[in-house]
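Trainee: Just so we're aligned: the sequence shown equals residues 577 to 732 in my numbering.
Note that beta-carbon positions come from the ideal geometry of N, C-alpha and C, so glycine has one too.
Take this structure, written in structure tokens, and hold onto it; I'll ask about it next.
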Amino acid sequence: GPFTVVSNSLAPTGIYTDAGLANNTPYIYRLAAIDGSGNRSRFTSKAGAVPRTETEPPEGEVVINDDAPQTNRRQVSLSLAASPDTVKMKISNSPNFDKTLWEPFAPTKNWTLPSTPGYAAVHVLFQDAAGNVSEETASDGIRLELLRLYLPLIVR
């Protein structure tokens, strides 16, 4: 969209502070350099920021089946704990959270592990009311040992 010049000078520190912004409103910036003769460089790519009243991201943890070392069922129970202002969580069997949506934070959640036997991990991100997302992914793991029944073969 259209951009407005907000400053024609930069402090010797190279740091620019844009005062008087509204919290939780996205702002997009582009920069250009101007030499001593007044020649302007090309603009940089867009860079954005959202000022927040509270900038500390939430922290949290997840525990599968009361920290049991293994299970023989794909259905497990998650226990979740997070900073007091946490309002959302994102849970996934994959550390990159493919196709995972935010949902309201809850201290417990029933969850389905992947169908592959072996080590299974659950990963969680937390979001607070100010929109800050946890910097660290909370994870826990459990060994999934699916039961297999082998029936005897009876031949006449």
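(1) Rounded to a whole number of angstroms, what is the C-alpha to C-alpha distance between E712 and Q646?
(2) Helix, strand or coil for D611? Go by DSSP, reduced to three states.
(3) So, does the stretch 687-699 touch the stretch 618-625, judging by three or more C-beta pairs under 8 Å?
(4) Give the DSSP-derived three-state secondary structure of D716 in the structure shown.
(5) What are the partner residues of F702, as DSSP defines its beta bridges?
(6) Which ranges would you report for the beta strand (DSSP E) in the stretch 631-683 if only whole runs of at least 3 residues count?
(7) Quick one: what's got a C-beta closer than 7 Å to S710's C-beta in the same chain, skipping five residues either side?
(8) Looking only at its own chain, which residues have a Cβ that is under 6 Å from the Cβ of D704, when we skip the five neighbours before and after it?
(9) For P683 and N669, which I take to be in contact (beta-carbon distance under 8 Å), what is that distance rounded to the nearest angstrom?
(10) Let's test the definition: count the other Cβ atoms within 10 Å of the Cβ of I718 and tell me whether it reaches 16, buried, or not, exposed.
Mentor: Based on what the coordinates show:
(1) One alpha carbon belongs to E712, the other to Q646, and they sit about 25 Å apart.
(2) The answer is coil: DSSP assigns D611 none of H, G, I, E or B.
(3) Between the stretch 687-699 and the stretch 618-625 there are fewer than three inter-stretch CB-CB distances shorter than 8 Å, so the stretches are not counted as touching.
(4) If DSSP states are grouped into helix, strand and coil, D716 belongs with the strands.
(5) Bridge partners of F702 according to DSSP: M665.
(6) 636-640, 651-658, 662-668, all fully within the stretch 631-683.
(7) The answer, listed in chain order, is P633, P634, E635, G636, L701, F702.
(8) Correct list, in chain order: P634, D661, T662.
(9) Not quite, the Cβ-Cβ distance comes to about 20 Å (not below 8 Å), so this is no contact.
(10) Label assigned to I718: buried.
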